[in-house]
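Chemist: Structure provided below as structure tokens; questions to follow.
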Amino acid sequence: MKKIICLLAFLCLGFTALAQTTEEETTPVDTRDITKNELSFNAFNLVAFGIFDLSYERVITENSTWSTELFLHLNKDDYYDEAYYKDVSVTGKYKHFFSSSYARGFYVHGFGMISNGEYESTYYYDSVTGESSWDREDYTDFAVGFGLGGKFISSGGFLLDLSGGIGRNLFNNAAPEIIGQFMVNLGYRF
């Protein structure tokens, strides 16, 4: 009798384990939780200032990503000159996500940016003629900083990444001391 009860218990446990394995295997996996690449552009800069700002992001783990951003301000002589002093920059970012979703939700990021541009350093005003002018100097500098953001991804892979950050240029006195980043990125995870 003991042998039959043990055999039935063993068979029951075996079928239960098999059923759990089969159930786990048939549970659909959201394709956005296994894809690792993202391509996006900063829609805010494009619409407001005519600036090309492209980002590539790679998922490292479910809670972290690494991204590279290219910023090109091609129409520097328009009336939005004061919005950005940089003409070209390349930025590397590390993002850490705090939600349980796969590389989405609220995050903090640290960044390093190398930038090149023209900065207005000294203001002159001629009281006789009423004319004013700025001395402008070219610069190249490296900045470090941090920021906060949130990333939202649809089931189809389209994404919205909202973030802001602040940093400090480190080496060149002709560069702006403080830099800011405001991003409204639209893109796709694939």
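Residue numbers for the sequence shown, in our numbering: 1189 to 1378. All C-beta atoms, glycine included, are put in the ideal place defined by N, C-alpha and C. All values reported here derive from a predicted model rather than from experimental measurement.
Pop quiz: Tyr1244 and Leu1227 are said to be a contact at Cβ under 8 Å. What is the actual Cβ separation, rounded to whole angstroms?
Modeler: As a working mapping, residue 1244 is identified with position 56 in the sequence shown. As a working mapping, residue 1227 is identified with position 39 in the sequence shown. The pair is a contact, with the Cβ atoms about 6 Å apart (cut-off 8 Å).
Chemist: For Glu1211 and Gly1352, I'd like the C-alpha separation in whole angstroms.
Modeler: The residue labelled residue 1211 in the question sits at position 23 within the sequence shown. The residue labelled residue 1352 in the question sits at position 164 within the sequence shown. Because Glu1211 sits at a pLDDT of 45, beneath the cut-off of 50, its placement in the model cannot be relied upon, and the following sentence gives the value as read from the coordinates. Computed Cα separation, rounded: 42 Å.
Chemist: Please report how far the alpha carbon of Phe1286 lies from the alpha carbon of Asn1357, in whole angstroms.
Modeler: Sequence index remark: in the sequence shown, residue 1286 carries index 98 (1-based). Sequence index remark: in the sequence shown, residue 1357 carries index 169 (1-based). If you take the alpha carbons of Phe1286 and Asn1357, they lie about 28 Å apart.
Chemist: Check for me: the alpha helix (DSSP H) holding Leu1234 runs from which residue to which?
Modeler: The sequence position of residue 1234 within the sequence shown is 46, counting from 1. Looking at the DSSP string, the run of the alpha helix (DSSP H) that includes Leu1234 is Ala1231 to Phe1237.
Chemist: In three-state DSSP terms, what is Thr1209?
Modeler: Locating residue 1209 in the sequence shown gives position 21, where the first residue counts as 1. Only weak support exists for where Thr1209 lies, its pLDDT of 46 falling under 50; the value from the coordinates is given anyway. Three-state DSSP puts Thr1209 in a helix.
Chemist: If you run the structure through DSSP and keep just helix, strand and coil, what is Asp1314?
Modeler: By one-based count along the sequence shown, residue 1314 stands at place 126. Coil.
Chemist: Which same chain residues, not among the five before or five after Gly1368, have their C-beta less than 6 Å away from its C-beta?
Modeler: Looking up residue 1368 in the sequence shown gives position 180. These residues qualify, in order along the chain: Ile1354.
Chemist: From this set, Asp1314, Val1278, Gly1293 and Tyr1290, which residue's C-alpha is nearest Gly1300's C-alpha?
Modeler: To locate residue 1300, count along the sequence shown from 1; it is residue 112. Considering only alpha carbons, the answer is Val1278.
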